[in-house]
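Q: Okay, here's the structure, questions in a sec.
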Amino acid sequence: MTAVSRDNRPDIADLLAFYASAGVDDALEEEPLNRFAETASKPPERAPATVTPPTGENAALPRSTSLSRAQMGEWQAAAPAVRAPSGTVTVPDEQQAALARQLATTAATLDELRQYMAAFDGCNLKFTAKNLVFADGNPNAAVMLVGEAPGRDEDIEGLPFVGRSGRLLDRMLAAIGLDRTSAYIANVIPWRPPGNRTPTLHETEICRPFIERQIELVNPKVLVNLGGPSANTLLNTTEGILRLRGNWRVHTTAAGIAIPAMPTLHPAYLLRTPAHKKLAWRDFLEVKAKLRTLG
């Protein structure tokens, strides 16, 4: 083993950068905690009470009606979600997925959708994230770009694609004459998974109604899927992104509107594999040509 001398000690800035890239963004305590002792000293947990879903006028939410605080509270009570203070992690069930679908359908505007998502407690990712990352850009834009999930920088700022991959995306947009005032950007998952892990299938399915409704409300002329997870979720395919990219697909909204979709490589992937930037460049040229055709 090689001793660490004063001259070859790692630079503190490099060390902190490594921790940040590994997803370590919270300080630990000085002394280690004995989790086994904590578990042994805890009293047995009481079984949760059975909750009966609301009936009557609040059992179904009409699409044309906005949710009041009271209605939202009744629905959340009927489908209890993960609660951070309890210390117990519970996997959201089908009730939460059904609630997400109902809320998404009820939202008549992007502002309403954002409010419902902010109040929704049915996805466990919400309780480890700092912010809801809803969207950025112009909701009246002709092109909408959808990634997978926020990273550390996005979670801190509450905006999608603001880190290194965001700066690369800005350059890619600029290359075809667009920027964040002429494009709309969002993610399939609006909350950062802890440590930037891959979202589970269940987490993705719970969040799917929100992004699908978001696309429907924006109603872009062209949809750009950034990365395989976005393409697989919104285009209902299991093909890999290298096979999908460069080929026009169609995203069909709940109302039956067909939107041309271009799957392409995620900027984070391009940072790791710069040789493939030429492939993404071709895809963005296709998007530019499609926008010109559609007017």
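Here the sequence shown is numbered in my numbering, starting from 70 and rising by one per residue. Backbone N, C-alpha and C define an ideal beta-carbon position, used for all residues, glycine too.
Is it the case that the Cβ atoms of residue 185 and residue 176 are separated by a distance below 8 Å?
A: It is a contact, given that the beta carbons lie within the stated cut-off.
Q: Could you spell out where the alpha helix (DSSP H) holding residue 64 opens and where it closes?
A: This structure leaves residue 64 out entirely; the chain is present only between 70 and 364.
Q: Tell me whether the beta-carbon of residue 286 lies closer than 8 Å to the beta-carbon of residue 294.
A: No, the pair does not count as a contact, with Cβ atoms beyond the cut-off.
Q: Rounded to a whole number of angstroms, what is the C-alpha to C-alpha distance between residue 222 and residue 332?
A: Cα to Cα, the separation comes out at about 24 Å.
Q: What does DSSP give as the partner residue(s) for residue 205 in the beta ladder?
A: Note: residue 205 sits in a beta bridge opposite 254.
Q: Please state whether the Cβ-Cβ distance between residue 256 and residue 289 is less than 8 Å.
A: Result no, Cβ atoms of residue 256 and residue 289 do not sit closer than 8 Å.
Q: Verify whether the separation of the beta carbon atoms of residue 250 and residue 305 is less than 8 Å.
A: Taking 8 Å as the Cβ cut-off, residue 250 and residue 305 do not qualify as a contacting pair.
Q: Label residue 352 either buried or exposed according to how many other C-beta atoms from any shown protein chain fall within 10 Å of its C-beta, with 16 as the threshold for buried.
A: Label assigned to residue 352: buried.
Q: Measure the alpha-carbon distance for residue 346 versus residue 236 and round it to whole angstroms.
A: Distance between the alpha carbons of residue 346 and residue 236 is about 14 Å.
Q: Is the beta carbon of residue 246 closer than 8 Å to that of residue 230?
A: Their beta carbons are not under 8 Å apart, which means residue 230 does not touch residue 246 by this criterion.
Q: Could you work out which residue in 238, 283, 203 is closest to residue 187 when comparing CA atoms only?
A: Of the candidates 238, 283, 203, the one whose C-alpha sits nearest the C-alpha of residue 187 is 203.
Q: To the nearest angstrom, how far is the alpha carbon of residue 209 from that of residue 253?
A: C-alpha separation (whole angstroms): 8 Å.
Q: So for residue 118, helix, strand or coil by DSSP?
A: The predicted model places residue 118 with a pLDDT of 38, which falls under 50 and marks its position as unreliable; any figure quoted below should be read in that light. Coil, per DSSP.
Q: Please identify the residue among 292, 324, 338, 323 whose C-alpha is closest to the C-alpha of residue 316.
A: Nearest of 292, 324, 338, 323 to residue 316, Cα basis: 292.
Q: In terms of alpha-carbon separation, which member of 307, 266, 328 lies closest to residue 281?
A: Out of 307, 266, 328, 328 has the C-alpha closest to the C-alpha of residue 281.
Q: Give me whichever residues DSSP pairs with residue 366 in a beta bridge.
A: Limits of the chain in this structure are 70 at one end and 364 at the other, which puts residue 366 out of reach.
Q: Can you tell me whether residue 292 is helix, strand or coil according to DSSP?
A: Here residue 292 sits in strand by DSSP.
Q: Over the uninterrupted alpha helix (DSSP H) stretch that includes residue 172, give me the two end residues.
A: Element bounds for residue 172: 163-175.
Q: Hey, out of 296, 284, 173, whose CA is closest to residue 368's CA?
A: With the chain covering 70 to 364 only, the question about residue 368 has no answer from this structure.
Q: How far does the alpha helix (DSSP H) with residue 216 in it reach, from first residue to last?
A: That residue, residue 216, is in no alpha helix (DSSP H); its beta strand (DSSP E) goes 212-216.
Q: I need the DSSP call for residue 130, collapsed to helix, strand or coil.
A: A caution first: residue 130 carries a pLDDT of 47, below 50, which makes its placement in the model unreliable, though a value can still be read off. Of the three classes helix, strand and coil, the one that applies to residue 130 here is coil, per DSSP.
Q: For residue 310, does the count of other Cβ atoms within 10 angstroms reach 16, so buried, or fall short, so exposed?
A: It is buried - the Cβ of residue 310 has at least 16 other Cβ atoms within 10 Å.
Q: Comparing alpha-carbon positions, which option in 278, 163, 193 lies nearest residue 321?
A: Out of 278, 163, 193, 278 has the C-alpha closest to the C-alpha of residue 321.
Q: Note down, in chain order, each residue of its chain lying with its Cβ closer than 7 Å to the Cβ of residue 262, except the 5 sequence neighbours on either side.
A: Excluding residues within five positions, the ones whose Cβ falls inside 7 Å are 194, 218, 268.
Q: To which residues does DSSP link residue 333 through a beta bridge?
A: DSSP lists 295 as partners of residue 333.
Q: Let me see if you follow: with CB-CB separation under 8 Å, is residue 356 close to chain D or not?
A: Annotation note: the requested chain D is absent from the structure, which comprises a single protein chain.
Q: For residue 356, count the other beta carbons within 10 Å of its own beta carbon; 16 or more makes it buried, fewer makes it exposed. Which is it?
A: Buried, since its Cβ has 16 or more Cβ neighbours within 10 Å.
Q: At the level of alpha carbons, what is the spacing between residue 200 and residue 228?
A: Rounded to whole angstroms, residue 200 to residue 228 spans 9 Å at the Cα level.
Q: Over what stretch of residues does the alpha helix (DSSP H) that includes residue 271 continue unbroken?
A: From DSSP, the alpha helix (DSSP H) with residue 271 extends over 270-287.
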